[in-house]
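Here the numbering used here is used: the first residue of the sequence shown is 100, the next is one more, and so on.
Data block below; observations after.
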Amino acid sequence: MQFKIKGIVTAVGEIKTTKLGTAVQQLHFEQETGRVIYPSALGTKIELLEDILPGDVAELDFHISGSKGTYNNVIIDNIVRV
Numbered sequence: 100m101q102f103k104i105k106g107i108v109t110a111v112g113e114i115k116t117t118k119l120g121t122a123v124q125q126l127h128f129e130q131e132t133g134r135v136i137y138p139s140a141l142g143t144k145i146e147l148l149e150d151i152l153p154g155d156v157a158e159l160d161f162h163i164s165g166s167k168g169t170y171n172n173v174i175i176d177n178i179v180r181v
């Protein structure tokens, strides 16, 4: 299931590598409602974050991986600065 939210990027993490060798970069993203989530860009999706800086207002398209349906596995599909 695809979700879309608008909010402010409060921090951009460093690019790291998972145990399986996948590149991952995490954001701190504060929604308009005030809730903070920590979405991750994987592999080639990291390129979406090249021009995103803390303080940018952006729209985030994401999905939640896994069956738990929690915000712990938020994977970025697209992000656009507004």
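Think of the CB as a built atom: it goes at the ideal place given N, C-alpha and C, for glycine as much as any other residue.
Check this for me: beta carbons of residue i and residue j, under 7 Å apart or not?
i    : j    : result
V198 : V135 : This structure leaves residue 198 out entirely; the chain is present only between 100 and 181.
F128 : V108 : yes
Alpha carbon to alpha carbon, what distance is there between residue j and residue i?
i    : j    : result
E149 : K118 : 23 Å
G165 : Q125 : 17 Å
E114 : T132 : In the sequence as presented, Glu is not what sits at residue 114; that position holds Ile. If I take the Cα positions, the gap works out to 28 Å.
V173 : A140 : 9 Å
G106 : G120 : 30 Å
P138 : F161 : 8 Å
I175 : T116 : 16 Å
M100 : I163 : 7 Å
If residue i sits next to residue j, beta carbons under 8 Å apart, how far is it from one beta carbon to the other, in whole angstroms?
i    : j    : result
K103 : E158 : 6 Å
Excluding five sequence neighbours on each side, which residues of the same chain lie with their C-beta closer than 7 Å to the C-beta of residue i?
i    : result
P153 : V108, T109, A110, V111
T179 : The displayed chain sequence assigns Val, not Thr, to residue 179. Here the set comprises A157, E158.
Closer than 8 Å by C-beta to residue i: which residues in its own chain qualify, once you throw out the five before and the five after it? Chain order, please.
i    : result
A122 : I114, K115, T116, L141, G142, I145
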